[in-house]
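Engineer: Protein chains in written order, with the working numbering: chain D, 4 to 228; chain Y, 4 to 228. Would you mind keeping the following structure in view while I ask a few things?
2 protein chains.
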Amino acid sequence: MAANEDIPSDKAASVPEPTLRRLPLYHRVLKDMLAGGAERVSCTDIGLELHLDPTQIRKDLEFTGVAGRPRIGYQLAPLIEGIEQFLGWNNVNEAFLVGAGNLGAALMGYKRFAEYGMNIVAAFDTDPLKVGKSIGGKQILPLAKLPDLAKRMHILVGIITVPDAVAQEVADLMTAGGIMAIWNFAPVQLRVPEQVIVHNENLYCSLASLSQKLGIALKATGRTR
Amino acid sequence: MAANEDIPSDKAASVPEPTLRRLPLYHRVLKDMLAGGAERVSCTDIGLELHLDPTQIRKDLEFTGVAGRPRIGYQLAPLIEGIEQFLGWNNVNEAFLVGAGNLGAALMGYKRFAEYGMNIVAAFDTDPLKVGKSIGGKQILPLAKLPDLAKRMHILVGIITVPDAVAQEVADLMTAGGIMAIWNFAPVQLRVPEQVIVHNENLYCSLASLSQKLGIALKATGRTR
DNA sequence: TAGATTGTTAATCGATTAACAATC
DNA sequence: TAGATTGTTAATCGATTAACAATC
Numbered sequence: 004m005a006a007n008e009d010i011p012s013d014k015a016a017s018v019p020e021p022t023l024r025r026l027p028l029y030h031r032v033l034k035d036m037l038a039g040g041a042e043r044v045s046c047t048d049i050g051l052e053l054h055l056d057p058t059q060i061r062k063d064l065e066f067t068g069v070a071g072r073p074r075i076g077y078q079l080a081p082l083i084e085g086i087e088q089f090l091g092w093n094n095v096n097e098a099f100l101v102g103a104g105n106l107g108a109a110l111m112g113y114k115r116f117a118e119y120g121m122n123i124v125a126a127f128d129t130d131p132l133k134v135g136k137s138i139g140g141k142q143i144l145p146l147a148k149l150p151d152l153a154k155r156m157h158i159l160v161g162i163i164t165v166p167d168a169v170a171q172e173v174a175d176l177m178t179a180g181g182i183m184a185i186w187n188f189a190p191v192q193l194r195v196p197e198q199v200i201v202h203n204e205n206l207y208c209s210l211a212s213l214s215q216k217l218g219i220a221l222k223a224t225g226r227t228r
Numbered sequence: 004m005a006a007n008e009d010i011p012s013d014k015a016a017s018v019p020e021p022t023l024r025r026l027p028l029y030h031r032v033l034k035d036m037l038a039g040g041a042e043r044v045s046c047t048d049i050g051l052e053l054h055l056d057p058t059q060i061r062k063d064l065e066f067t068g069v070a071g072r073p074r075i076g077y078q079l080a081p082l083i084e085g086i087e088q089f090l091g092w093n094n095v096n097e098a099f100l101v102g103a104g105n106l107g108a109a110l111m112g113y114k115r116f117a118e119y120g121m122n123i124v125a126a127f128d129t130d131p132l133k134v135g136k137s138i139g140g141k142q143i144l145p146l147a148k149l150p151d152l153a154k155r156m157h158i159l160v161g162i163i164t165v166p167d168a169v170a171q172e173v174a175d176l177m178t179a180g181g182i183m184a185i186w187n188f189a190p191v192q193l194r195v196p197e198q199v200i201v202h203n204e205n206l207y208c209s210l211a212s213l214s215q216k217l218g219i220a221l222k223a224t225g226r227t228r
C-alpha cells in the first residue's frame with residue numbers, strides 16, 4: 004500500500020470514460036478549426052462550439068499531455084496530434100466484421116474509421132448469396148473461416164452486426180480466434196472470457212433515453228401524443 | 004425554497020441517464036425469463052445475468068414504481084409492464100428518417116423499434132434513384148417535402164443518417180417541420196433551437212473508447228500491435 | 001422459525017464545477 | 001501593464017455501493 008506512483012500505463016488505464024468519449028469531439032472541432040486556417044485555440048473556444056465547460060475541457064486535454072500556454076491557448080497542430088497519439092489512432096487495429104447486412108455494410112462504408120485507428124479488413128457471413136462478394140472493397144468470407152484467419156492474421160478486434168439469435172455463436176468464434184475486443188451491435192448480453200473487452204452499442208437503450216426525454220418535454224409543455 | 008415536493012413529472016424528469024439506459028437491459032432479461040416460464044425474479048437474478056450490482060438494480064427499478072416483496076422478489080409480468088409504462092413504450096412516437104443509405108436502411112429494418120416506442124413512418128432522401136422506392140414497407144420521399152409533412156402529421160421525432168456535410172441542413176428542415184427530438188447519427192454538432200432534444204450517436208466516440216481500452220490491455224499483457 | 005430479499009438511509013467514490021495562483 | 005488563459009487544488013454534485021431494519 005506504499006506508493007501510488009504515476010506509472011504511465013496506470014494513468015492511461017484510469018482515463019474516465021466520459022473523457023474518452025469527449026476527446027474525439029474535441030478532435031473534430033480542432034480539425035475544423037485548423038481547416039479554417041486557425042493556429043491556436045483556447046478551451047473557451049472549444050467550449051463554445053460544443054456547449055461544454057472550459058474547465059472540463061482543460062482537464063480532459065491534460066490527459067493527452069499536451070501543454071497549453073496561459074493567455075495564448077494551445078497550438079492546434081500539436082494538440083490534434085496529441086489527441087490522436089493518446090487515443091492510439093496511429094496504431095491502426097485491424098478488425099473483422101461479422102454480419103454483412105445493412106448495418107454491416109454501413110460500417111464497412113465508414114471510410115474514416117481508418118483515421119480513427121480501426122480498419123475493417125474483411126467481413127464474414129453465412130449467407131451463400133453474400134459470401135464471395137465484396138462491399139466497399141472488402142471481401143465477404145464464409146463465417147466458418149473466421150477463427151483460423153483471425154489467428155493467422157493476428158486480428159484483435161471483432162464487430163458483430165448479426166441478428167440477435169446468432170450473436171453469442173459469433174462471439175464464441177471470435178474468442179476462439181483470439182479476438183480481444185468486440186464491438187457488439189446486437190442487443191444481447193454476450194458471455195465471453197473475462198479478458199475480452201466487449202463494447203455494447205445497444206440502440207434500444209439510446210432510443211429509450213431519447214423517447215423518455217421527449218415524453219417528459221411534452222408533458223412539461225402540456226402536449227400529448 | 005419551501006418545499007421539495009415529489010411532483011411526479013419532476014421526479015420523472017430527474018431520472019439519471021445511466022438508469023434510463025439500464026432499464027431496457029432489464030426489460031430484455033425479464034422478457035427472456037418470462038419466455039423461459041419464470042414468474043418471479045429477484046434483483047440478484049438480474050444482476051447475475053447482466054453483471055450488475057443488485058442494489059443498483061433495485062434502485063433503478065424503484066423509479067418505475069413497481070413494488071417487490073421481501074424474500075419473494077418481483078412478479079415478472081407487472082415489472083415488465085411497469086418498465087414499458089415508465090419508458091413510454093405504450094405511447095408510440097412516429098418518426099421520420101432522413102438518409103436512406105445503408106445505415107438508414109438498417110434502422111428502417113429494425114422491426115422491434117415499434118415495441119420500444121418508436122415507429123419510423125417514412126424516409127426521405129434527395130437521391131432521385133431512391134425517391135419513390137420503399138424499404139421495409141416504408142416509402143422514400145423527396146427531402147423537400149419533409150417540413151410540410153412533419154407539420155401535417157405531427158411528427159415529433161427525426162432520425163438523421165445522412166453524410167456529415169448535409170446533417171445541419173437536414174436538422175434545419177426538421178426543426179422547421181416542428182420536430183422536437185432528433186436522433187443524430189452524423190458525427191456533427193448540430194445547432195438547433197434550445198427546446199429541441201438532440202441525441203448524438205457518434206460511433207467514432209464509441210470506437211475511440213474501445214480501441215483505447217484495447218491499447219491499454221495489450222500494453223498490460225506486453226503485446227504490441 | 002430462519003433466512004433471503006426488499007426498501008431506504010448513510011457512506012463512498014468519481015466526475016464536474018468553482019476558485020485561484022502562475023504566467024504569458 | 002492589464003487581462004485572458006492555463007494548470008491545479010478544493011468544493012460540489014451525483015451516482016454507486018454498503019449497511020441494515022422491515023418483512024415475507
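Every residue gets a Cβ at the ideal spot worked out from N, C-alpha and C, and that includes glycine.
1) Tell me, which residues are paired with D:Arg-72 by DSSP?
2) Once DSSP output is grouped into helix, strand and coil, what is the label at D:Met-183?
3) List the residues of chain Y whose Cβ lies closer than 9 Å to the Cβ of D:Arg-24, in chain order.
4) Between D:Met-111 and the rest of its own chain, which residues show a CB-CB distance below 7 Å, the 5 nearest in sequence each way excluded?
5) If you follow the alpha helix (DSSP H) that D:Ile-158 is in, where does it begin and where does it stop?
6) With burial defined as no fewer than 16 other Cβ atoms inside 10 Å of the residue's Cβ, what is the status of Y:His-157: buried or exposed?
7) D:Val-173 and D:Gly-102 - do their beta-carbons sit closer together than 9 Å?
8) If we define contact as Cβ-Cβ less than 9 Å, is Y:Phe-99 a contact residue for chain D?
9) Is the Cβ-Cβ distance between Y:Lys-136 and Y:Ile-143 less than 9 Å?
10) DSSP state of D:Asp-151, grouped into three classes?
11) Using 8 Å for Cβ pairs, my map puts D:Glu-20 next to Y:Ser-212. What's the rounded Cβ distance?
12) Could you give the distance in angstroms between the alpha-carbon of D:Ile-276 and the alpha-carbon of D:Gln-171?
13) Straight-line CA distance for Y:Ile-49 to D:Met-121?
14) To the nearest whole angstrom, what separates the beta carbons of D:Phe-89 and D:Thr-22, a pair I think is in contact under 8 Å?
15) Using a C-beta cutoff of 9 Å, does D:Arg-31 count as contacting chain Y?
16) Are the beta-carbon atoms of D:Tyr-77 and Y:Leu-206 separated by less than 9 Å?
17) Go through its chain and collect everything with a Cβ distance to D:Pro-145's Cβ below 8 Å, but skip five positions before and after it.
18) For D:Tyr-119, tell me which candidate among D:Arg-74, D:Leu-217, D:Asn-94 and D:Glu-42 has the shortest Cα-Cα distance.
19) Determine, using beta carbons only, whether Y:Ala-184 comes closer than 9 Å to chain D.
20) Is any beta-carbon of chain Y found at less than 9 Å from that of D:Val-18?
21) Between the C-alpha atoms of D:Arg-115 and Y:Gly-40, what's the straight-line distance to the nearest angstrom?
22) Measure the beta-carbon distance from Y:Leu-152 to Y:Ile-182 and round it to whole angstroms, keeping in mind my assumption that it falls under 8 Å.
23) Let me see if you follow: with CB-CB separation under 9 Å, is D:Met-121 close to chain Y or not?
24) At 3 residues or longer, and completely inside the stretch 172-221 of chain D: list those beta strand (DSSP E) runs for me, N to C.
25) Are the beta-carbon atoms belonging to Y:Glu-97 and D:Ser-209 less than 9 Å from one another?
26) Within 10 angstroms of the Cβ of D:Leu-26, are there 16 or more other Cβ atoms? Answer buried if so, exposed if not.
27) Which chain D residues sit within Cβ distance under 7 Å of Y:Pro-190?
28) Could you work out which residues of chain Y lie near D:Val-195, taking near to mean beta carbons separated by less than 9 Å?
29) Just by C-beta distance, which residues in the stretch 127-146 of chain D are closer than 8 Å to chain Y?
30) Taking 9 Å as the CB-CB cut-off, is Y:Arg-115 touching chain D?
31) Do you know whose CA, among D:His-202, D:Gly-225 and D:Lys-216, lies nearest D:Arg-24's CA?
32) Using a beta-carbon distance below 9 Å, is D:Ala-179 in contact with chain Y?
33) Does any C-beta atom of chain D lie closer than 9 Å to the C-beta of Y:Leu-217?
34) Give, in chain order, every unbroken run of the beta strand (DSSP E) that is at least 3 residues long and sits entirely within the stretch 84-160 of chain Y.
35) Report yes or no: is there a C-beta of chain D within less than 9 Å of the C-beta of Y:Glu-65?
36) Cutting at 6 Å between CB atoms, please list the residues of its own chain near D:Lys-222, excluding the five before and the five after it.
Structural biologist: Once the coordinates are examined:
1) D:Arg-72 is bridged to D:Gly-76.
2) Coil.
3) The contacting residues are Asn-205, Cys-208, Ser-209, Ala-211 and Ser-212.
4) Here D:Met-111 has Leu-100, Ile-123, Ala-126, Ile-138, Gly-139 and Lys-141 as same chain residues with Cβ atoms under 7 Å from its own Cβ, once five neighbours each way along the sequence are excluded.
5) Careful: D:Ile-158 lies outside any alpha helix (DSSP H) and carries neither H nor E.
6) Exposed, because fewer than 16 other Cβ atoms sit within 10 Å of the Cβ of Y:His-157.
7) A contact, by the Cβ cut-off of 9 Å.
8) Among the CB atoms of chain D, none fall inside 9 Å of the CB of Y:Phe-99.
9) Going by C-beta atoms, Y:Lys-136 is nearer than 9 Å to Y:Ile-143.
10) In this structure, D:Asp-151 counts as helix in the three-state DSSP scheme.
11) Right, the Cβ-Cβ distance comes to about 6 Å (below 8 Å), so this counts as a contact.
12) Residue 276 of chain D lies beyond the residue range present for chain D, which begins at 4 and ends at 228; the question has no answer from this structure.
13) Looking at the two C-alpha atoms, the distance is approximately 34 Å.
14) The C-beta distance from D:Phe-89 to D:Thr-22 rounds to 10 Å, too long to meet the 8 Å contact threshold.
15) Answer yes: the Cβ-Cβ gap between D:Arg-31 and chain Y drops below 9 Å somewhere.
16) Remark: C-beta atoms of D:Tyr-77 and Y:Leu-206 do not approach each other more closely than 9 Å.
17) The answer, listed in chain order, is Phe-127, Asp-128, Thr-129 and Val-134.
18) Per the C-alpha coordinates, the member of D:Arg-74, D:Leu-217, D:Asn-94 and D:Glu-42 positioned closest to D:Tyr-119 is D:Asn-94.
19) Chain D, which has a Cβ nearer than 9 Å to the Cβ of Y:Ala-184, makes this yes.
20) Interface annotation, D:Val-18: in contact with chain Y, CB-CB separation under 9 Å.
21) About 46 Å.
22) Contact flag wrong, Cβ pair sits at about 11 Å.
23) Flagged as an interface residue toward chain Y: D:Met-121, by a C-beta distance shorter than 9 Å.
24) Runs of the beta strand (DSSP E) inside the stretch 172-221 of chain D: 184-187 and 200-203.
25) For Y:Glu-97 and D:Ser-209, no; Cβs fall outside 9 Å.
26) Result: buried.
27) Within chain D, the residues near Y:Pro-190 are Arg-31.
28) Residues of chain Y passing the Cβ test: none, with the nearest at roughly 11 Å.
29) The stretch 127-146 of chain D vs chain Y, Cβ under 8 Å: nothing.
30) Yes, because at least one Cβ of chain D sits closer than 9 Å to the Cβ of Y:Arg-115.
31) Considering only alpha carbons, the answer is D:His-202.
32) D:Ala-179 does not count as touching chain Y.
33) With respect to chain D, the C-beta atom of Y:Leu-217 has a partner C-beta closer than 9 Å.
34) The DSSP assignment places complete beta strand (DSSP E) segments of no fewer than 3 residues inside the stretch 84-160 of chain Y at 96-101, 121-128 and 141-145, in order along the chain.
35) Not an interface residue.
36) Nothing listed; no residue qualifies.
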